[in-house]
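Residue numbers (our numbering), protein chains in the order written: chain A, 2 to 529; chain B, 121 to 509; chain C, 6 to 536. Glycine included, every Cβ here is placed at the ideal spot set by N, Cα and C.
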Amino acid sequence: MNASARHDAVVIGAGHNGLVCAAYLAKAGRRVLVLEAGESVGGCAVSGEIHPGYTVSTCAHILHLLHPGVIADLRLKRHGLALSAPDLATLALLPDGEHLLLSSEVQATRDSISRFSRRDAERLPGFRARLERFAGALRPFLMATPPRLANGTWRDRWTLIRLGIAIRRLGRTDMRELLRIVGICSADLVEDVFESDVLKGVLAFDSVLGSFLGPRSPSSAFNLLYRAAGESDGRRGALSHPKGGMGAVTAALAAAAKSFGVEVRTAAPVAKVAIEDTVATGVVLESGEEIAARTVVSNADPRRTFLDLVGPDQLDTDFVRRVRHIRMDGATAKVNLALDGLPDLGGSGPHMANARLLIAPGVDYIEHAFDDAKYGAFSAEPAMEITIPSLHDPSLVPEGGHVMSIMVQFAPYRLRDGGWAAHREAFGDHVLKTLAAYMPDLSGRILARQVVTPDDLERDFRVSGGHWHHGELILNQLFMLRPVPRFAQYRTPIDNLYLCGAGAHPGGGIMGAAGRNAAREIMRDWSR
Amino acid sequence: MSEAITSDFLMKTPFHARTAPLCLSGKWGRWAGYSSVDCFYSVTEEYFAVRTAASLFDMSPMIKYRVTGRDAARFVNRLITRDIGACPPGHGLYVCWCDGDGKLIEDGTVFRLAENDFQINTAEHNFCWFEDTALGLDVTIADVSEEFAALALQGPLSRLVLERLGLTGIEAMPYFGLAWFTLDEAPLLVSRTGFTGDLGYELWIEPGRAEMLWDRLMAAGKDYRLTPIGAAALEMVRIEAGLIEIGFDYIGAEAALRESRKRSPYELGLGWLVDLKKSYFVGKRALAEEKRRGGPRWRLVGLEIEGNKPAIESFIYRGRTEVGHVTSAMWSPTLKKNIAIAVLEAPYATPKADLWAEIWHPRELEIRKINAPCRVVRRPFYDPPRRKA
Amino acid sequence: MKRYDAIVIGAGHNGLTAAAYLARAGKSVVVLERRPVIGGAAVSEELYPGFTYSSCSYVSSLMRPEIMRGLDLPRYGLQIIPYEGILTILPDGDYLASYSDPDLTRRENLRHSKRDAEAFGRFSLEVLRQCRFIKPMLLMTPPDPTSFKLDDIRGLIWMGRKFADLSERQMYDVMRFWTMSCADFLDEYFESEAVKGQLAGSSIIGTALGPRSPGSAYILLHHYMGEVDGDIGAWGYARGGMGAISRALAGAAQAHDCEIRTEAEVSQIIVKGGKAVGVALADGEEVYGTAIVSNLDPKRTFLKLMPLEHLDDTFIDQVRNFKIRGSSGKLNIALDGWPEFIAKPPIPAPLYSSIQIHRTLDDLERAYDDWKNGMWSRHPYLDIVIPSGLDPTMAPPGKHYMSVFVQYVPPKLKDGPWDDAKRSAFADTVIDTLAEICPNIRDLILHMQVRSPWDLENEVGLTEGNIFQGELTLDQLMFNRPFPGYAQYRGPLRRLYMCGSCTHPGGGVMGAPGANAAREILKDFKRRILR
């Protein structure tokens, strides 16, 4: 241990998990330095100006998983976290101008679904309630350190026992159903219950958003549980817009961290983790500057952390094999638009535009979009999640203007013919062409366009493979298996080096869980 | 894509045209996909040729890798548990390499041909492991197994044979030294190495000149009773020499079905090959941890057993408790002793332990059980000064 | 009127296995089969003079050795002839053969990739480790994890111990293996498309998953966990066709006075007082018995043979949501001579193996996409065997019987139901594909039987034509098979049992479901639950 180090911990990367981890460590009285390669903090949770006066969340755009414990512990509200829209409705658009509205207003939702299927309207609340019960059983484990299965401690065994109890407490019927659905595909999950394509499409879309899975890929149903486990400002499963865009969330996190004494340095890219005889002793910046620390915490994805920052020189071959085979090719792209006015939503009417808009008219539509991506092409007919945050937050745009934020499934990291550089704009055009069927006047309103592909994510945000979750959220890469078996406890083969990013349990989404869990493990080791 | 498989099940070594007519016993074995002579005429005669005169063994099936490139030395050091820095160009080193859990994958020899030019000789295929271990390094790993024919010339008179062959300066070669010669305009690499525990050399030449080398050696060795030997005689001398063999004394970590069968270098008596002071190598963390925890669970030891019945595949007991098993065993004609290599639970791997071996010995179609007292002894069993001379 | 101790509905191999075990235990048993032949999908049929067709299942490996020995099947004529492995034929006439000899296999793989030749050993070890873990569970009744019954808790603890016996690394590997896709699994070892394609075939046979679908690695294991004479993962031909297995099982059953009645179609399960008490046959005859054992899949058993009023809605939903999903078709062909393949391995043995046309993972995935879209694969995966090569009794001298298994073929086509025209168009696709590697195939065809999933459903009674009586996905394995709460071979009514491949451990002519069901039934007799 490097006792002379000025810092108790150096955190590599000021993504939201890095900031959360730093804040918790500093709150416990430790001296923490956060090093960010970019010009500003936030990682993938940032806002950017895409046209003079037009600000939009560059990557992630909806807040629905940020853990309430993190918000409270770090006093984020005091540091500026505010929601411009606390509970977004979901509006699924259909090409014929029809639409389906899902919101927290029970009757409105029921009426809307009834137009497609009375039976589905009857069934949705039960379906959601069951999902919520499952999510409730699993929710505490988002904040738990995954146990080791052998050579473990009593604490590890206790986590497993708790998991067993949580599942058993669901009761026999629910437990059986949970054990059945945990590995199935979302298409089966929704097709068993519902009959209307549009409702099935909405539910299936949420199961694949951000991942490289189709609704017919087994394991995709689990992602619905994962989403249901999220909370937004105390509302379970609710979707919200942060005021000022996603960058405001990380700004609040940074402010909170600083208030606890965290030092944040931007434009300070780390080149290497300094290691002496299998123990991390600090970091070396690309500038050559060496910073010593008792502990090094990496918010970078596992591949980047181990293969670039640590380097195979310090690792065992079998471990490196595992890291290289983490499935982490991204398939989600983002298109951000600056608009001179609100687009016409066809039959849905402008009053609906403040919802989360979905282009996912059926399970097969999404599956076909996925099929294209399997072979290295972006979807001919992509599925999309669209928000117009400026409707809730006028501070983002000049008077009369709007910004539109579009999440596009699927745009695979590896394109079959050539790199993204040659296809980025064609892809942007393609997305707009698809949208034209739903918003006929959209293209005439565009002042500026920003396309963020997985390739851009890798380059600009240093996420290997451009995967939003730093690794696919899929059963064989979750919990004890995330990022690789035997190292799911935020510790790494290198002593005093920890992971705190989405590549570790419980994965991505602006949740802060990985950062908080990592901080807990680090402090536990310190106290030993 | 290379040629399709012909109807030959096994491949033939470059010496096949010479060894086949001499193999009067008709006893062939297989080695790494090649036909390999098990015994030419008489195992006894071949054995005594190694120990008393000179012997020639066709070791061409041995797998050879060539490692070159700017980071070649770095790669080798990342791979093996010994420090390659201790091996200057022109020398070889007996080494082993482990997986991330510190379990032995294989042991073999490394020749440092130049600063960043190595030849690694192994019994099993290691290409994937080597390539995966080389990640991020500027190094080229090539399987050159088929680019070299190799002969082991071993025995007390082997030096004289090479002198007669006209390899001047051969007498000055140090143990584990390398030297290059030209024979009939063909480059010949000679290493002062072997698998017999005796004075000996290994000779490496391009396959096209293999038969020339064989003929020249046989001619030079005529007066020294130079005898071709097969795998059976080699097996005897390697046990006497206390050398371990993959597939017999241990299973490589990459090839073991059961985790419990994997062995660390410490457990196999190869602790002296592990240098925990050098920079990181694969398995270092686990090996340091094993050492910190008080050493290995198992130990590979030499045993001397009463009687003259080889303790093949015997269990070893202390009192009524089974404490290990024999991995290799033989009656040693040189030592006039019944010897064995065995794996024992660490606490019993001491000369003081009161052990016995359960030997099942066939006697006229009837299997007899012999309980033979035995004791742990130092390996190698046979270690003449000329081995390293 | 005679009252039997057990009535088995359907003389499939599992029905016969269950019947044989029950009869051997001294129970009076009758097996009722709708068709004139016994065996279900394990049949030999002479559909063209002199040729024996294994008209549905065509190779054997999974049949549990414990059952072969326990029921003394060799005594009743069962002989399994092992074959070498797989021969993949590439479009350019090259090939990739797997041999029983490891050195040959290595050299063969080496021609395609240096790394893969070596990785093959590591891959095989890993699959073997997974086999070793699952093997002891095949002949056990899956414990119910939601139950507090002693047997279930004991079973769970036993399984937990088996798991705890693994090294930590293997524990994680088991968790990973059961959930990952075959493509991800293969990518961890191999680089060559030929090698990956050859191995991936096992991960899609009979299943409605693509090689990139999570969960498909398990299907691969399902095809590797069998054995021939202790050689794990080996496959062979039943001498005289797959019907020989059924005949041997029937022989074993009849030796203990089991009655087997063919052309005795059960039209309804008779329920009285909430118990299954007998069956009504299509001709009006009623047969009564103590235990009613169905070899049919749950959709047939519960939705067709039972008055629905005896079942509660949740259960009916479970049955309806059971995923059967046919995805395979088959051609049985009588050939006038040995077919000439474009690849000519110097050793003939590979030609007696399973012969495949080269498919990359992407090809297989696209073939699966076609299925998803309601059409048969335009470039299907074919698993071709010529059993007459090793078993000359299958065809007249000089002539051969060829079985062509086709993946993927949907039970429902997007452009209307299956009919004769579509069946023949489907056959054309298959023969065209076959002709790519076997140019003279058309000239040799003497007779051909084409089986779409629709035919399999109508003739053999496999719902949707699914060869496993239900998808082998995580949600339908172990204690989830066929559905949670009913994995212990007992149906929703007392005295009603299931013994088909729809129950643990699934299909593949394994016999294990039948043996397990018989064990549970006998247990109930012993506990006097059945009297």
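Exercise for review: Ignore the nearest five residues each way along the sequence and tell me which others in B:Gly-510's own chain have a CB closer than 7 angstroms to its CB.
Suggested key: No answer is possible for residue 510 of chain B: the residues shown for chain B start at 121 and end at 509.
Review point. Is the shortest distance between the beta-carbon of A:Asn-3 and the beta-carbons of chain B less than 8 angstroms?
Key: Low confidence applies to A:Asn-3: its pLDDT is 48, below 50, so where it sits in the model is not reliable, and the reading given next is rough at best. No, because no Cβ of chain B sits closer than 8 angstroms to the Cβ of A:Asn-3.
Exercise for review: Find the residues of chain A that neighbour B:Tyr-400, judging by a C-beta separation of less than 7 angstroms, and give them in chain order.
Suggested key: For B:Tyr-400, the neighbours in chain A by C-beta distance under 7 angstroms run, in chain order, Thr-279, Asp-314, Gln-315.
**Study point:** Inter-residue spacing [alpha-carbon to alpha-carbon] between B:Ala-509 and B:Ala-173
**Key:** Their Cα atoms are separated by approximately 16 angstroms.
Practice item. Sort C:Ile-237, C:Pro-54, C:Ser-65, C:Glu-264 by Cα distance to C:Asp-10 and report the nearest one. Key: Among C:Ile-237, C:Pro-54, C:Ser-65, C:Glu-264, the Cα nearest to that of C:Asp-10 belongs to C:Glu-264.
**Study point:** Closest Cα partner of C:Tyr-357 within the set C:Glu-89, C:Ser-272, C:Ser-408, C:Leu-27
**Key:** Checked all of C:Glu-89, C:Ser-272, C:Ser-408, C:Leu-27; the closest Cα to C:Tyr-357 is C:Glu-89.
Exercise for review: Please confirm if B:Ser-122 has its CB atom under 8 angstroms from at least one CB of chain A.
Suggested key: Because B:Ser-122 sits at a pLDDT of 38, beneath the cut-off of 50, its placement in the model cannot be relied upon, and the point is left open.
Check your understanding: With C-beta atoms as the reference, is A:Arg-134 less than 8 angstroms away from A:Asp-175?
Key -> In this structure, A:Arg-134 lies near A:Asp-175, with their beta-carbon atoms less than 8 angstroms apart.
Review point. For the ligand FAD, is there a heavy atom less than 7 angstroms away from the beta-carbon of A:Ala-275?
Key: Of the ligands one can find in the structure shown there are none, so the ligand FAD has no counterpart to examine.
Check your understanding: Whose C-alpha, out of C:Ser-152, C:Met-180, C:Arg-159, C:Arg-181, is nearest the C-alpha of A:Gly-172?
Key -> The shortest C-alpha separation from A:Gly-172 is found at C:Ser-152.
Practice item. Take every Cβ of the region 451-460 of chain B, pair it with every Cβ of the region 414-431 of chain B, and state whether three or more of those distances are shorter than 8 angstroms. Key: When C-beta atoms of the region 451-460 of chain B are compared with those of the region 414-431 of chain B, three or more pairs fall below 8 angstroms, so the two segments count as touching.
Exercise for review: Just confirm the distance between the C-beta atoms of A:Glu-386 and A:Arg-417, as a whole number of angstroms; I'd bet it's less than 8 angstroms.
Suggested key: Actually they are not in contact, since the Cβ atoms of A:Glu-386 and A:Arg-417 sit about 25 angstroms apart, beyond 8 angstroms.
Check your understanding: Residues of chain D with a CB under 7 angstroms from the CB of B:Gly-153: which are they?
Key -> Absent here is chain D; the protein component of the structure consists of chains A, B and C.
Review point. So, is the C-beta of B:Asp-219 closer than 8 angstroms to a C-beta in chain A?
Key: Residue-level contact by beta carbon holds for B:Asp-219 and chain A, with a gap shorter than 8 angstroms.
Practice item. Go to A:His-431, then tell me how far its alpha helix (DSSP H) extends in each direction, as first and last residue. Key: Taken as a continuous stretch (DSSP letters only), the alpha helix (DSSP H) holding A:His-431 covers 425-437.
Practice item. Could you tell me the distance, in whole angstroms, from the CA atom of A:Ser-299 to the CA atom of A:Gly-312? Key: So the two alpha carbons sit approximately 14 angstroms from each other.
**Study point:** Completely contained alpha helix (DSSP H) runs for the region 374-410 of chain C, where each covers 4 or more residues
**Key:** For the region 374-410 of chain C, there is no continuous alpha helix (DSSP H) assignment of 4+ residues that stays within its boundaries.
Exercise for review: Indicate whether the contact test is met: 3 or more Cβ pairs, each with one atom in the region 297-309 of chain C and one in the region 485-505 of chain C, closer than 8 angstroms.
Suggested key: Verdict: yes, contact present.
Practice item. Tell me C:Lys-335's beta-bridge partners as DSSP assigns them. Key: C:Phe-410, C:Arg-456, per the DSSP bridge assignment.
Check your understanding: Which bits of chain A does C:Asn-326 rub up against, with CB to CB less than 7 angstroms?
Key -> Within 7 angstroms Cβ-Cβ: Asp-193.
Review point. What's the call for A:Gly-16, buried or exposed, on a 16-neighbour Cβ count within 10 Å?
Key: Classification for A:Gly-16: buried.
Practice item. Check each candidate in A:Gly-504, A:Gln-315, A:Lys-273, A:Arg-304 and name the one with the smallest Cα separation from A:Val-297. Key: Ranking A:Gly-504, A:Gln-315, A:Lys-273, A:Arg-304 by Cα distance to A:Val-297 puts A:Lys-273 first.
Review point. For C:Tyr-293, does the three-state DSSP call read helix, strand or coil?
Key: In the structure shown, C:Tyr-293 sits in a strand (DSSP, three-state: E or B).
Check your understanding: Using a C-beta cutoff of 8 angstroms, does B:Lys-411 count as contacting chain A?
Key -> No, B:Lys-411 does not count as interfacial toward chain A.
Check your understanding: According to DSSP, which residues form a beta bridge with B:Glu-424?
Key -> For B:Glu-424, the pairing in a beta bridge is given by DSSP as B:Ile-459, B:Arg-495.
**Study point:** Own chain residues within Cβ distance below 8 angstroms of B:Glu-123, not counting five before or after
**Key:** Note that B:Glu-123 scores 47 on pLDDT, short of 50, meaning its location in the model is unreliable; the coordinates nonetheless yield the value given after this. Same-chain partners within the cutoff: there are none.
Practice item. Just the C-alpha distance for B:Met-121 and A:Gly-49, rounded to the nearest angstrom, thanks. Key: With a pLDDT of only 35 at B:Met-121, under the threshold of 50, the placement of this residue in the model should not be trusted; the figure read from the coordinates follows. Roughly 53 angstroms separates the two Cα atoms.
Review point. Assuming C:Ser-560 contacts C:Leu-225 under a Cβ cut-off of 8 angstroms, what Cβ separation, rounded to an integer in Å, is found between them?
Key: As shown, chain C starts at 6 and ends at 536. That puts residue 560 of chain C outside it, with no answer to give.
Practice item. Pick helix, strand or coil for B:Trp-334, following the three-state DSSP scheme. Key: If DSSP states are grouped into helix, strand and coil, B:Trp-334 belongs with the helices.
Check your understanding: What residues in the region 252-273 of chain B bring their beta carbon closer than 7 angstroms to a beta carbon of chain A?
Key -> Near chain A, meaning a CB-to-CB distance below 7 angstroms, the residues of the region 252-273 of chain B are Asp-252, Thr-253, Leu-255, Gly-256.
Check your understanding: DSSP state of A:Gln-490, grouped into three classes?
Key -> Here A:Gln-490 sits in coil by DSSP.
Review point. Where DSSP assigns a beta bridge to A:Glu-522, which residues make up the other side?
Key: Per the DSSP secondary-structure output, A:Glu-522 pairs with nothing in a beta bridge.
Point to revise | Where A:Val-324 sits in the DSSP three-state scheme | key: DSSP places A:Val-324 in helix when its eight states are reduced to three.
Practice item. Can you tell me which of A:Glu-426, A:Glu-277, A:Lys-78, A:Ser-406 puts its alpha carbon nearest to the alpha carbon of A:Phe-379? Key: A:Phe-379 has its Cα closest to that of A:Glu-426, out of A:Glu-426, A:Glu-277, A:Lys-78, A:Ser-406.
Check your understanding: Mapping DSSP to helix, strand and coil, what is A:His-369?
Key -> Note: A:His-369 maps to helix in three-state DSSP.
Point to revise | Limits of the alpha helix (DSSP H) - the one that A:Thr-267 falls within | key: A:Thr-267 -> no alpha helix (DSSP H), and no H or E assigned at all.
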